[in-house]
Amino acid sequence: MATIARAGSPLTCLAVGQSGTRLYLIASNSSVSELARTATGWRPASLSLSALNNPMTCYGSDDSDILLYCVGTRAKIVQLFKYDSNWHPFTLQWHVAADSPVISIFANGFRLYYVGADRQVHRLLTLAGTFSEAPVPPAEAAPGSGLTCTIDSRGLVRVFYVDATDHTLHVLAETDPADPDAMTNDAIKGTSPAPGSALTCFTREGTGSIRVYYLDHHGRISEMAWSGDEQIVSPLVTAMPGSALASFAAGGLHTRLYYLDNQARINELAGTDDDWVNHRLAATAARGSALTCYGVDGWWTRLYYLDPRHRVNELAWHPTTGNFVNTPL
188 MATIARAGSP LTCLAVGQSG TRLYLIASNS SVSELARTAT GWRPASLSLS
238 ALNNPMTCYG SDDSDILLYC VGTRAKIVQL FKYDSNWHPF TLQWHVAADS
288 PVISIFANGF RLYYVGADRQ VHRLLTLAGT FSEAPVPPAE AAPGSGLTCT
338 IDSRGLVRVF YVDATDHTLH VLAETDPADP DAMTNDAIKG TSPAPGSALT
388 CFTREGTGSI RVYYLDHHGR ISEMAWSGDE QIVSPLVTAM PGSALASFAA
438 GGLHTRLYYL DNQARINELA GTDDDWVNHR LAATAARGSA LTCYGVDGWW
488 TRLYYLDPRH RVNELAWHPT TGNFVNTPL
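Residues 188 to 516, numbered by my numbering, are exactly what the sequence shown covers, in order.
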């Protein structure tokens, strides 16, 4: 029987050992839940915690060190960690904005970024089991703004959000790898994200070039390609207004971007060395479905979404047969 998610549930995933999916969602009974790919199939587990539908984040390399962060029912960030095969919640003291996503990255210490109740983007650093929380340089997020982050070729964090004052894409950029509080806030000219646009990004391996994707005011997915001091904004394809976006770099270099078209069909926008190819996949999502993905061994797509019955589904690319296989989980 397929897993039924709560309408509007967030989705986040990671790969254990490069291929063993751990997928997190909010089930129809409002409990945060895990779907784990095992040698004998998918194993569901309830984490016995209720959470809001804010986007959540996870981090880890194997089952013994996974950390999951979500927004609890009191609008505070909750850390879930696994110990002795059981999940344990720990509620942090800081309140988030009602629409705040929670994102994470590991860079000389594990960092969370979120929009606080004051509408400022905040940084939460966890190092040696302790938490250090601070707002980053003045950065007021527009209502509904997504957050996304990556690490550049020097190991410095780059966080992207939509600013409440000029409504352009901004980058919060670390300037000192030894000091997570040393950040600048810069507007990116030529960007005009739609209100509430999803954001997704990655750094091209070995190049230092960053790719950021968002929805513009014309309903198009736009790419902001950033390399050194050069920033190039390019409109790509039209998506459903409010579509989720998910991406990774196949082979560390080539874009695999997933979105919903105007009929809520899932599409893949695949970048090659010098062109784009759009594939309409044989899957229809619930309108407003979250999307999350990664690449097996850095290459082969595993994409997760909710179908119109709010069942959790996987779209998996199989290189031996050269096609996507859709499986309700």
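For glycine and all other residues, C-beta sits at the position ideal for the given N, C-alpha and C.
Item, Value
"Let's test the definition: count the other Cβ atoms within 10 Å of the Cβ of PHE389 and tell me whether it reaches 16, buried, or not, exposed.", "buried"
"Is the segment 375 to 389 in contact with the segment 329 to 338, if contact means three or more CB pairs nearer than 8 Å?", "yes"
"Taking the CB atoms as reference points, tell me whether ARG487 and TRP504 lie closer together than 7 Å.", "Just to set this straight, residue 487 is Trp in the shown sequence, not Arg. Against a cut-off of 7 Å, the Cβ pair of TRP504 and TRP487 comes out as a contact."
"What residue range does the beta strand (DSSP E) around LEU483 cover?", "Checking the sequence, you will find Val at residue 483 rather than Leu. Here the beta strand (DSSP E) through VAL483 covers 479 to 483."
"Excluding five sequence neighbours on each side, which residues of the same chain lie with their C-beta closer than 8 Å to the C-beta of ALA326?", "GLN307, VAL308, TYR348, ASP350, HIS357, LEU359 and ASN372"
"Of all the options TYR211, TRP229 and SER235, which has the alpha carbon lying nearest to the alpha carbon of ASN241?", "TYR211"
"What's the gap between the Cα of THR442 and the Cα of ALA436?", "5 Å"
"Have a look at PHE277 and GLN266 and give me their C-alpha separation to the nearest angstrom.", "5 Å"
"Since MET411 sits in a beta bridge, which residues does DSSP pair it with?", "VAL399 and VAL420"
"Would you call ILE419 buried or exposed, if buried means 16 or more other Cβ atoms sit within 10 Å of its Cβ?", "exposed"
"Using three-state DSSP, classify ALA304 as helix, strand or coil.", "coil"
"GLU455: buried (16+ other C-beta within 10 angstroms of its C-beta) or exposed?", "buried"
"Beta-carbon separation of CYS200 and TYR491 under 7 Å?", "yes"
"Helix, strand or coil: how does DSSP classify GLN280 here?", "strand"
"Look up SER233 in the DSSP assignment and say whether it is helix, strand or coil.", "strand"
"Among the candidates GLY331, LEU255, ALA189 and ALA262, whose CA atom is the shortest distance from the CA of ARG230?", "ALA189"
"Express the C-alpha separation of ASP249 and TRP274 in angstroms, rounding to a whole number.", "14 Å"
"In the DSSP output, which residue or residues are listed as bridge partners for ASP373?", "VAL358"
"Would you kindly work out how many angstroms separate the C-alpha atoms of ALA214 and ILE191, rounded to a whole number?", "6 Å"
"Counting C-beta neighbours from all protein chains within 10 Å, is the total for SER319 16 or more, i.e. buried, or is it exposed?", "exposed"
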